[in-house]
Amino acid sequence: MSVGNEVGTHFPLTTREGWDAFATAALRPTPTLLPEQDFQRLDSTERAVYNETRLVTVTTPTMRSIVTTGKQLLVINRHQISARRGLIVTGAPGTGKTTAITQFGKAHHYSVRRRLPNGAGRMPVVYVTVPPAATPKILAVEFARFLGLPVNTRHSQVEITNAVCSVLCELGCDLVIVDEIHNLNLATRSGAEASDQLKYLSERIPATFIYAGIDVEYAGLFAGPRGRQIAGRFVTQLTEPFRHSTPQHRRDWQALVARLEHSLCLHHHRDGTLLGQAAYLHDRSAGMIGSLTHLIRAAASQAIHDGSERITKSLLEGIPVDTAAQAATPPRRRSPKRVSNRKAAG
Numbered sequence: 034m035s036v037g038n039e040v041g042t043h044f045p046l047t048t049r050e051g052w053d054a055f056a057t058a059a060l061r062p063t064p065t066l067l068p069e070q071d072f073q074r075l076d077s078t079e080r081a082v083y084n085e086t087r088l089v090t091v092t093t094p095t096m097r098s099i100v101t102t103g104k105q106l107l108v109i110n111r112h113q114i115s116a117r118r119g120l121i122v123t124g125a126p127g128t129g130k131t132t133a134i135t136q137f138g139k140a141h142h143y144s145v146r147r148r149l150p151n152g153a154g155r156m157p158v159v160y161v162t163v164p165p166a167a168t169p170k171i172l173a174v175e176f177a178r179f180l181g182l183p184v185n186t187r188h189s190q191v192e193i194t195n196a197v198c199s200v201l202c203e204l205g206c207d208l209v210i211v212d213e214i215h216n217l218n219l220a221t222r223s224g225a226e227a228s229d230q231l232k233y234l235s236e237r238i239p240a241t242f243i244y245a246g247i248d249v250e251y252a253g254l255f256a257g258p259r260g261r262q263i264a265g266r267f268v269t270q271l272t273e274p275f276r277h278s279t280p281q282h283r284r285d286w287q288a289l290v291a292r293l294e295h296s297l298c299l300h301h302h303r304d305g306t307l308l309g310q311a312a313y314l315h316d317r318s319a320g321m322i323g324s325l326t327h328l329i330r331a332a333a334s335q336a337i338h339d340g341s342e343r344i345t346k347s348l349l350e351g352i353p354v355d356t357a358a359q360a361a362t363p364p365r366r367r368s369p370k371r372v373s374n375r376k377a378a379g
């Protein structure tokens, strides 16, 4: 994942520049549709900028729950000397874990900057991911890379860790987001030691730690003495696909589709079109928020690109979804008209 700054240079979200570009997007106004005559007068450069702002992220009930819990933990931990409480977000792939934690991080970043307008030198949030087979030193290097600290092979784990803790304390970091936590295998020596490194960082840095990963309860994160300590200090928030089997499930799904549709910034889209296709959208996405948002954002992008400025079912049919959603999609029913025509032909 990467985001761009104003001059078009791209930085990963796991760098200070990339995170700042992502987080400061919250300072920009919510996109609104230009009057048609103003839209037609845009030159190619102005239109490209305008189009880029029209693809937005929509909050979900799970995202709101994570934001609420995260805010509570930030307040509680502000007065804690040690043994701070954290949050673990876990669930199947495509259920919105990374989106939820990064949106919370963005909201907190924006809140601190708004509350402390003169604190531009502060770094409220750090976002890192756990590489496969991570060791304590590799984790320390990930934090140093986010900060832009120079690191070479001569630096020891202790030296890198001390530098990271010193800089983050100096910059007032109070939220640390660690993604891909399922890459830590506590059954291995390196995984257990990397877990200890995270615990050590949480003791040195006066911040709330949020972990996110795929089905971490089955990945051994809560196993053994280390796992029991993690379980005793972290609140767990489960993300899962939207179900569609009861009237309440369908109402919840329709509400999500309606919010996504309401967020569309397309000149010729007729409100209610997507809501009328809610069941079809559930079939295409298997109820996974990541698959649904990709499907609708990709369709919106295509509608902007081809000038139609509206999303139709035929447009959606041409948008590919991820393999997991595709595998979970039930077989399409053959239309009665095609069946009758085939019988007539026979």
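Number 379 marks the last residue of the sequence shown (our numbering); no jumps. Ideal Cβ positions, reconstructed from N, Cα and C, are used throughout, including at glycine.
For A177, the three-state DSSP class (helix, strand or coil): helix
Beta bridge counterpart(s) of V211 as assigned by DSSP: V161 and Y244
On a Cα-Cα basis, can you pick out the residue from D304, I263 and H315 that is closest to D285? H315
In terms of residues, what are the limits of the alpha helix (DSSP H) holding G124? Looking at the DSSP string, G124 is not in any alpha helix (DSSP H); the run it does join, the beta strand (DSSP E), is G119 to G124.
Who are the Cβ neighbours of R303 in its own chain at under 8 Å, not counting the five residues just before and after it? R343
Cβ neighbours of L307 in the same chain (closer than 6 Å, five flanking residues each side left out): V290 and E294
Assess, as a yes-or-no matter, whether the stretch 121-135 is touched by the stretch 321-329 under the definition of 3 or more beta carbon pairs within less than 8 Å. yes
Measuring CB to CB, does F179 end up less than 8 Å from V161? Closer than 8 Å, so yes.
Could you check whether the stretch 265-273 touches the stretch 119-128, counting it as contact only if at least three pairs of C-beta atoms, one from each stretch, sit closer than 8 Å? yes
Name, in chain order, the residues that DSSP records as bridge partners for V268. L120
Which ranges does the beta strand (DSSP E) cover as unbroken runs of at least 3 residues, wholly within the stretch 261-348, from first to last along the chain? 267-272
Buried or exposed for G103, going by 16 or more other Cβ atoms inside 10 Å? buried
Taking the beta carbon of K139 as the centre, do at least 16 other beta carbons fall within 10 Å, making it buried, or is it exposed? buried
With DSSP collapsed to three states, give me the class of F255. coil
Less than 8 Å between the beta carbons of L297 and A333, yes or no? L297 places its beta carbon less than 8 Å from that of A333.
If you reduce the DSSP assignment to three classes, tell me which class P45 lands in. strand
Buried or exposed by the 16-neighbour rule on C-beta atoms within 10 Å, applied to F244: Before going on, a small fix: residue 244 reads as Tyr here, not Phe. Buried: at least 16 other Cβ atoms inside 10 Å.
If we ignore side chains and look at the alpha-carbon of each, how far apart do P45 and L106 end up? 27 Å
Quick one: what does DSSP say T78 is sitting in, helix, strand or coil? Look at T78 here: in three-state DSSP terms it is helix.
Could you check where the alpha helix (DSSP H) with R97 kicks off and where it finishes? P94 to N110
Cβ neighbour criterion (16 or more within 10 Å) applied to G351: exposed
Per DSSP, what kind of secondary structure is T186 in: helix, strand or coil? coil
Quick one: residues in its chain with C-beta nearer than 8 Å to the C-beta of E192, no 5 flanking neighbours on either side, listed in chain order? none
Does DSSP classify L204 as helix, strand or coil? coil
Is the beta carbon of R117 closer than 8 Å to that of T241? yes
My understanding is that G246 touches E213, with C-beta atoms under 8 Å, so please give their C-beta distance in whole angstroms. 6 Å
Take the Cβ of L149 as the centre, count every other Cβ of all protein chains shown within 10 Å, and call the residue buried at 16 or more, exposed below. Exposed, since its Cβ has fewer than 16 Cβ neighbours within 10 Å.
Contacting residues, own chain, Cβ-Cβ under 7 Å from P183 (five flanking each side not counted): none
Once you ignore the five residues that flank L201 on each side, which residues in its own chain have a CB closer than 6 Å to its CB? I238
Find the nearest neighbour of N84 within the set L67, E50, N110 and T93, judged by alpha-carbon distance. L67
What distance in whole Å lies between the Cβ atoms of Q287 and A311, which are believed to be in contact at a cut-off of 8 Å? With a Cβ gap of about 5 Å, A311 and Q287 count as contacting.
For V108, is the classification buried or exposed, using 16 other Cβ atoms within 10 angstroms of its Cβ as the cut-off for buried? exposed
Contact check, N218 vs P164 under 8 Å by CB: the rounded distance? Rounded, the Cβ-Cβ distance is 12 Å, inconsistent with contact.
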